Structures are given as structure tokens and as C-alpha cells.
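Encoded as C-alpha cells, the structure appears first; notes follow it.
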Amino acid sequence: MTGYRLSPEARRDILDITDYVAADNVDAALRLRDRLFAAFDRLARRPGLGHVRDDLIARTAGVRFWPVGVYLVIYRPLEATIGIVRVLSGYRDLAAILGRT
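The opening position of the sequence shown corresponds to residue 8 in my numbering, with each subsequent residue numbered one higher.
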């Protein structure tokens with residue numbers, strides 16, 4: 008696989024996360040952004056790295072999770088790329104956000 012596509016929600020998540028971190032430390036926000044995009048590249052090269060969370064999303068959805076610090080990259084391997092679905096803090100109520108209770 009080559010490359011990745013960011014969903015509109017993932018784009019918004021990244022902006023919200025980096026804005027939140029930048030309010031206290033701009034350099035930390037830039038480093039986090041770089042770590043997230045490095046993770047996207049890595050996952051695009053090796054889409055099987057992430058793990059499935061049946062407690063959050065049905066296995067049949069094909070969605071996988073990959074941690075980056077306290078954040079989770081939620082992605083779906085596609086035919087020629089991966090789709091970054093969301094980037095969320097692991098401290099949030101993921102079941103509520105992702106629609107699984």
C-alpha cells in the first residue's frame with residue numbers, strides 16, 4: 008500500500024488536538040503533529056500493524072487502531088491506501104464517540 012487518506016473528521020481531530028496542545032506548548036504540538044503523520048506513513052506501509060477493538064467497532068468493519076502517545080489513530084486498510092478515520096485521545100469515551108456501547 009502507498010499513502011493514506013484523511014477523513015474530514017480525522018482532519019478536524021488533528022487540528023483540534025494540535026490547537027489544544029499548542030495553547031500550552033507550540034513546540035510540543037508540532038512534535039505531536041510530526042509523530043502522527045509519521046505514524047500514518049508507517050501504517051500505510053504496513054497496514055496490519057494496528058489492532059482490532061471488537062469492544063468499540065465490529066470486526067467486520069475492518070477498522071484498526073494504532074497508539075501514538077495517548078492518542079489512537081483509527082484507520083481502515085483499503086485496496087491501495089489506508090483511510091485515517093479518526094484520531095482520538097484514549098482518555099475519551101471511545102465507545103460513545105464511535106457509536107458502540
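Just so you know, even glycine gets a beta-carbon here, dropped at the ideal spot from N, CA and C. Predicted model only: the values in this text are computed from it and were never measured.
Min CB distance residue i to chain B below 8 Å
i: residue 44; result: In the structure shown, chain B cannot be found, because there is only a single protein chain.
Which listed residue (the options) has its alpha carbon closest to that of residue i
i: residue 64; options: 77, 17, 82; result: 82
i: residue 76; options: 42, 14, 69; result: 42
i: residue 58; options: 38, 79, 52, 11; result: 79
i: residue 38; options: 69, 50, 25, 49; result: 25
i: residue 12; options: 60, 99, 44; result: 44
i: residue 54; options: 71, 30, 32, 61; result: 71
Strand pairing of residue i, partner residues [DSSP]
i: residue 75; result: 78
i: residue 91; result: 13, 82
Contact belief for residue i with residue j at Cβ below 8 Å, rounded distance in angstroms
i: residue 104; j: residue 47; result: About 20 Å; that fails the 8 Å criterion.
i: residue 73; j: residue 56; result: 6 Å
i: residue 17; j: residue 28; result: 17 Å between Cβ atoms; not a contact.
Cβ shell of residue i (< 6 Å), same chain only, five flanking positions each side left out
i: residue 21; result: 94
i: residue 101; result: 63
Beta-carbon contacts of residue i that lie in its chain and below 7 Å, excluding the five residues immediately before and after
i: residue 10; result: 51, 88
Spatial neighbours of residue i in its chain, beta-carbon cut-off 8 Å, leaving aside the 5 residues before and after
i: residue 69; result: 83, 84
i: residue 15; result: none
i: residue 99; result: none
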